[in-house]
Amino acid sequence: MTVLAGRASRATIIASVCSREWREALGNKLLVGMTLFPPIVILGAGVFAVAAAALYPPSEKDLRAIYAAAPAVAGLDPTEAVQGIIAQYFLVLFMLIPTVVPLTIAIYSVIGEKAARTLEPLLATPVGVGELLLAKSIASTIPAVVVTWIAYVIYLVSVVLLGSPAAVRAVTAPRWILAVVVMVPLLTALSVNLGILISTRVNDVRVAQQIGGLVVVPVVALGIAQVTGRVVLDDSSFIQMTVFLIVVDLVVFFLARLAFQRENILTRWR
Amino acid sequence: MTYARRVAVVLRTDALTKRFGPLTAVDRLDIEVREGEIFGFLGPNGAGKTTTLRLLCALIAPTSGSAELAGMRLGRDDERIRASVGILTEHPGLYERLTAAENLRFFASLYGLDKRTADAQVDRFLGLMGLTEQRDRPVATFSRGMKQKMAIARAALHEPRILFLDEPTTGLDPDAARTVRDLITSLAREGRTVFLCTHNLDEADRLCDRIAFFRHRVIRIAEPDSLRAELYGRTVEIRVVPAPLPAHLERIRAVAGVREAWLENGSILVRTDDPLRTDPAMVRTLVDAGADVAFVSERRASLEDVYLRVVHEEDEGT
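As they're listed, the protein sequences go chains U and P. Using the numbering used here, you'd call the opening residue of the first sequence number 162 and step up by one each time. Using the numbering used here, you'd call the opening residue of the second sequence number 2 and step up by one each time.
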């Protein structure tokens, strides 16, 4: 009697799960649309707004309001000031992409499997649930990070080509580049694991998205406060936020791992 | 039936119990399943069959008791157990956007099969299931029967030592059901053990070396024929034309070895322990009495009769 069964390496498991999830996701037009729609809209609106600001300088009244709302740009040439504040404002919106896009992917990844009843055969393999969760997290994180980075690079190039020196300075500020490089993967991981955690409790994609959507609130609040100069994120607060996000990521992953138990999935998830 | 020749126990449970709150789904399960045996696990809906399967495949943990599969202990060697068994779950649970081959290749990779072996196994099982021509079609386009065959192929893909099948022929047309039954038989012939959960008593009768009647706990375990003999003896039908007379029945009752005899639909039905000895004597007796005997045949109680009787006795006992 031939016995072929064994146990795959962790790398093979992660590669197989990612490859399978991506192939399935690419076949889901709704999911592809929901993944690409936010970055395309934010990118398009950002480039358009920066370009439009150069063509239509603000009135005296608008300018006073802008200087009052954003002390950081006070004293600059009106067009520059407007382009600078718009360019920076859209950078905040770019930070929303890693919270919105992976949430959708992660929710579909778990709720989709629940609906198709594919989890039991998967859990019957020698794969550990922790490995499965990690593989699912990675499968949802990578596309969201890549999409955000590509959108940011296009935005950066567009602003360099179309924007004023103030706008270029805003989008090429080392702190923002670091934010995109470091914060985007951390925010993505947070959103993914939150999505998985929520998906263990609900069966409806829309409900899961509504609950998960709350993750954007602190990001938006912090971003607006930063753009308007109410809060200044210096190097130390940036490091503090990074550490905070790492801790929150680990806590949420741990909670998702607790909820993602083989027995719970088979006997309690409906 | 081949199990008698094979004696190595590949699955053994000892008072295996699973409770969900106040409900005891599996109560002190004690079974031994032998290598190469097709073991039927029969019971009504909600009897705890699926829970038993999940326990034995190390998918859920027992509340108490223990089990050993192919020398591996439940709770200690769970990953190795899952690698050594294959399970056909209640629902096919296939990735609908992937093709048949992609589905199987994905699972082959999780079982650690290298690419070459995986490709060979995928080809082999798609061929066995008659799905070779559909290999590059998305599973979403498959019929229910084709999906069920895919799920069986997935369960057996890594050549497990023990195969757990939950209602394998449900939703299959007669042709496809035959294909699946042939596969089960050939797997057992290779020495693999098949643990078959089914409602289909006719199928269990045809395939299984031994059967267990189960309703949260095991009611009976035996070979189907032994159970029949124990519960019904062996029943012989003697067809007399144009019709048997009461006098014929009386004469038959007087033949040595006859336990019971009665008239039914123009025949005399006789329960006897040894038809080889009693049949010739009964025929002689009837011919001497002037009866015309058209034929003598053995009538087997169906497994359904056996099942209903066992369950009925259990109900009366409790």
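Quick reminder that beta carbons are idealized off the backbone N, C-alpha and C, glycines included. Because the structure is a prediction, the values reported are computed rather than measured.
Counting every other CB atom within 10 Å of its CB across the protein chains shown gives I268 of chain U a total of 16 or more, marking it as buried.
Using a Cβ-Cβ cut-off of 9 Å, L295 of chain U does not count as an interface residue toward chain P, since no Cβ of chain P sits closer than that to its own. Taken atom to atom, the span from the alpha-carbon of I212 of chain P to that of T199 of chain P is near 10 Å. In this structure, the straight-line span from the alpha carbon of E91 of chain P to that of A350 of chain U is close to 34 Å.
W337 of chain U counts as buried, since no fewer than 16 other beta carbons sit within 10 angstroms of its beta carbon. In this structure, the straight-line span from the alpha carbon of G113 of chain P to that of G245 of chain U is close to 54 Å. Under the Cβ criterion of 9 Å, T428 of chain U is counted among the residues facing chain P. In terms of beta-carbon proximity, R181 of chain U lines the interface with chain P, with at least one pair separated by less than 9 Å. For T194 of chain P, there are no neighbours in chain U by C-beta distance under 9 Å, as the nearest C-beta there is about 10 Å away.
Three or more pairs of CB atoms, one per stretch, sit closer than 8 Å, so the segment 139-149 of chain P contacts the segment 171-184 of chain P.
In the three-state scheme derived from DSSP, where H, G and I count as helix and E and B as strand, I88 of chain P is classed as strand. C-alpha of K50 of chain P to C-alpha of D28 of chain P: approximately 11 Å in a straight line. The alpha-carbon of F165 of chain P is positioned some 14 Å away from that of R13 of chain P. In terms of Cβ geometry, R235 of chain P and T180 of chain P do not form a close pair [threshold 9 Å]. Under the 10 Å beta carbon count, V288 of chain P is surrounded by fewer than 16 other beta carbons and is classified as exposed. Contacts between R98 of chain P and chain U, judged by CB atoms closer than 8 Å, involve R184, E185, G188 and N189 in chain order. In this structure, T194 of chain P sits near I39 of chain P, with a CB-CB distance shorter than 9 Å. For the segment 66-92 of chain P, the set of residues with a beta-carbon nearer than 7 Å to any beta-carbon of chain U comprises E80, R83, A84, S85, I88, T90 and H92, in chain order. The alpha carbon of I222 of chain P has as its nearest neighbour, out of P:G44, P:G131 and P:N104, the alpha carbon of P:G44. When secondary structure is reduced to three states using DSSP, D210 of chain P falls in the coil class, being assigned neither helix nor strand.
Within 10 angstroms of the beta-carbon of K297 of chain U lie 16 or more other beta-carbons, which makes it buried. Note on R216 of chain P: 16 or more other CB atoms within 10 angstroms of its CB, so buried under the neighbour-count rule. Counting only Cβ-Cβ distances below 8 Å, L284 of chain U has contacts in chain P at L60, in chain order.
Below the 8 Å Cβ cutoff, chain P contributes F107, S110 and L111 as neighbours of S177 of chain U, in chain order.
Spanning the alpha carbons of I385 of chain U and I61 of chain P requires a straight line of approximately 48 Å. Interface residue (Cβ-Cβ distance to chain P less than 9 Å): T279 of chain U is classified as such.
Residues of chain P with a Cβ closer than 8 Å to the Cβ of V290 of chain U do not exist, since the nearest Cβ in that chain sits about 11 Å away. The DSSP-derived three-state label of T403 of chain U is helix. Annotation: the continuous alpha helix (DSSP H) that includes F198 of chain U extends over K190 to L216. Contact annotation, G66 of chain P with A16 of chain P: C-beta distance approximately 4 Å; criterion of less than 8 Å satisfied. The Cβ of P139 of chain P sits closer than 9 Å to at least one Cβ of chain U. Counting only runs of 4+ residues, the alpha helix (DSSP H) found wholly inside the segment 24-98 of chain P occupies 50-57 and 79-85, in chain order.
E251 of chain P counts as exposed, since fewer than 16 other beta carbons sit within 10 angstroms of its beta carbon. Beyond the five residues adjoining it in sequence on each side, A214 of chain U comes within less than 7 Å, by CB distance, of T240, V243, Q244 and I247 in the same chain, given in chain order. Taking a contact as a CB-CB distance under 8 Å, the pair A417 of chain U and L358 of chain U counts as one, their CB atoms being some 4 Å apart. If you compare the alpha carbons of P:R278, P:E80 and P:S227 with that of Y308 of chain P, the shortest gap goes to P:S227.
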